[in-house]
Ligand SMILES: NC(=O)c1ccc[n+]([C@@H]2O[C@H](COP(=O)([O-])OP(=O)(O)OC[C@H]3O[C@@H](n4cnc5c(N)ncnc54)[C@H](O)[C@@H]3O)[C@@H](O)[C@H]2O)c1
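Numbering (the numbering used here), first residue to last: 2 to 262.
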């Protein structure tokens with residue numbers, strides 16, 4: 002039965018694989034048998050991904066990729082297919098968040114967030130959809146912010162709405178060739194992205210603020226827990242594997258019950 006969760010010899014490309022959810026997904030997919038190519042703009046993060054893999058006896062290939070460059074995304078997907086003759090799984094985990102109240106957002110900030118979060122996801126789906134000739138699974142990262150607006154995150158919220166919508170359209174258009182396209186909407190998970198709530202620009206961590214934030218997030222869950230990157234990665238594994246065969250066009254909410262749609 003558990004074989005349904007294996008992705009043995011599947012070729013998996015992950016964006017944002019140098020930290021947080023993308024890094025953990027690289028580890029989990031590799032542990033489940035996939036040949037993983039983790040990409041990011043964060044070179045030290047990619048080294049950490051490789052090292053974490055090696056510590057567990059896993060080989061994870063790493064490549065530099067800036068998802069805000071559609072041509073670079075297409076070239077990298079073509080390289081992967083040239084090297085491995087196939088692409089089976091794409092996880093779009095690269096993302097950024099700019100904290101700014103709506104009245105203060107600049108055109109440049111809005112453009113930047115949309116270019117990475119929406120454009121990066123869109124053009125990676127497009128490039129992968131063109132080469133997944135034997136079917137495949139695409140997993141995009143949206144957010145629990147879909148179900149609950151949050152002050153200071155308007156550009157991020159807009160972008161994650163866009164990711165949910167593009168996921169549904171790709172699922173419709175790619176379904177006939179056997180490609181499933183889903184999004185995961187995680188609740189709060191501690192990563193480099195969320196650390197900015199309690200980390201100053203000089204890197205100083207406000208431990209009291211961090212503890213208060215985690216306590217607040219814990220209280221929001223009827224299970225009184227906060228999630229981990231592994232919780233999200235395991236959901237990605239389900240969507241990537243045979244266990245997800247009947248799932249497409251969905252936004253899968255992984256949030257400990259903090260938000261119920
Ligand atoms: N952590 C959470 O609570 C949470 C909740 C909901 C959704 N998400 C989403 O999950 C995804 C992963 O976030 P995370 O929390 O692991 O954040 P993270 O900051 O730890 O990791 C994001 C990674 O994306 C990379 N990245 C940023 N811009 C890039 C670009 N232009 N090209 C390539 N890589 C780029 C970063 O270098 C980083 O390694 C994001 O899409 C995020 O919006 C996170």
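Just so you know, even glycine gets a beta-carbon here, dropped at the ideal spot from N, CA and C.
Treat the numbers as computed from the prediction; the structure is a model and nothing was measured.
Where residue i falls, given that 16 or more other Cβ within 10 Å makes a residue buried
{"i": "residue 3", "result": "exposed"}
{"i": "residue 1", "result": "This structure does not reach residue 1, given that the chain is present from 2 up to 262, and the question cannot be answered."}
{"i": "residue 128", "result": "buried"}
{"i": "residue 218", "result": "buried"}
{"i": "residue 173", "result": "exposed"}
{"i": "residue 247", "result": "exposed"}
{"i": "residue 207", "result": "exposed"}
{"i": "residue 210", "result": "exposed"}
{"i": "residue 133", "result": "buried"}
{"i": "residue 98", "result": "buried"}
{"i": "residue 158", "result": "buried"}
{"i": "residue 41", "result": "buried"}
{"i": "residue 29", "result": "buried"}
{"i": "residue 10", "result": "exposed"}
{"i": "residue 224", "result": "exposed"}
{"i": "residue 179", "result": "exposed"}
{"i": "residue 205", "result": "exposed"}
{"i": "residue 220", "result": "exposed"}
{"i": "residue 262", "result": "exposed"}
{"i": "residue 5", "result": "exposed"}
{"i": "residue 26", "result": "buried"}
{"i": "residue 242", "result": "buried"}
Residues bridged to residue i (per DSSP)
{"i": "residue 116", "result": "Beta-bridge pairing links residue 116 to no other residue."}
{"i": "residue 40", "result": "64"}
{"i": "residue 181", "result": "138"}
{"i": "residue 186", "result": "254"}
{"i": "residue 101", "result": "154"}
{"i": "residue 206", "result": "200"}
Run of the alpha helix (DSSP H) containing residue i, from where it starts to where it stops
{"i": "residue 147", "result": "Unbroken run through residue 147: none, as it is neither H nor E."}
{"i": "residue 121", "result": "121 to 132"}
{"i": "residue 254", "result": "Note, residue 254: premise wrong, no alpha helix (DSSP H); beta strand (DSSP E) at 252 to 255."}
{"i": "residue 91", "result": "Careful: residue 91 lies outside any alpha helix (DSSP H), inside the beta strand (DSSP E) at 90 to 93."}
{"i": "residue 83", "result": "71 to 85"}
{"i": "residue 259", "result": "Careful: residue 259 lies outside any alpha helix (DSSP H) and carries neither H nor E."}
{"i": "residue 226", "result": "Here residue 226 belongs to no alpha helix (DSSP H), and DSSP marks it neither H nor E."}
{"i": "residue 25", "result": "21 to 32"}
Bounding residues of the beta strand (DSSP E) (the contiguous stretch that carries residue i)
{"i": "residue 236", "result": "It is not in any beta strand (DSSP E) - residue 236 instead sits in the alpha helix (DSSP H) that spans 230 to 241."}
{"i": "residue 15", "result": "12 to 16"}
CB contact check: residue i to chain C, cutoff 8 Å
{"i": "residue 104", "result": "Annotation note: the requested chain C is absent from the structure, which comprises a single protein chain."}
Integer-rounded CB distance, given that residue j should sit under 8 Å from residue i
{"i": "residue 22", "j": "residue 233", "result": "5 Å"}
{"i": "residue 182", "j": "residue 139", "result": "4 Å"}
{"i": "residue 71", "j": "residue 137", "result": "Going by Cβ atoms, the distance from residue 71 to residue 137 rounds to 20 Å, so no, they are not a contact pair."}
{"i": "residue 95", "j": "residue 16", "result": "4 Å"}
{"i": "residue 50", "j": "residue 63", "result": "6 Å"}
{"i": "residue 103", "j": "residue 145", "result": "Going by Cβ atoms, the distance from residue 103 to residue 145 rounds to 19 Å, so no, they are not a contact pair."}
{"i": "residue 122", "j": "residue 190", "result": "The Cβ separation is near 18 Å, so there is no contact."}
{"i": "residue 228", "j": "residue 171", "result": "Wrong, their Cβ atoms sit about 26 Å apart, outside the cutoff."}
{"i": "residue 1", "j": "residue 245", "result": "The requested residue 1 does not occur in the structure, where the chain is confined to residues 2 to 262."}
{"i": "residue 93", "j": "residue 160", "result": "Wrong, their Cβ atoms sit about 12 Å apart, outside the cutoff."}
{"i": "residue 252", "j": "residue 143", "result": "6 Å"}
{"i": "residue 67", "j": "residue 13", "result": "Incorrect: roughly 20 Å between the Cβ atoms, too far for contact."}
{"i": "residue 260", "j": "residue 188", "result": "6 Å"}
{"i": "residue 59", "j": "residue 18", "result": "Actually they do not touch by this definition, with Cβ atoms about 13 Å apart."}
{"i": "residue 61", "j": "residue 31", "result": "5 Å"}
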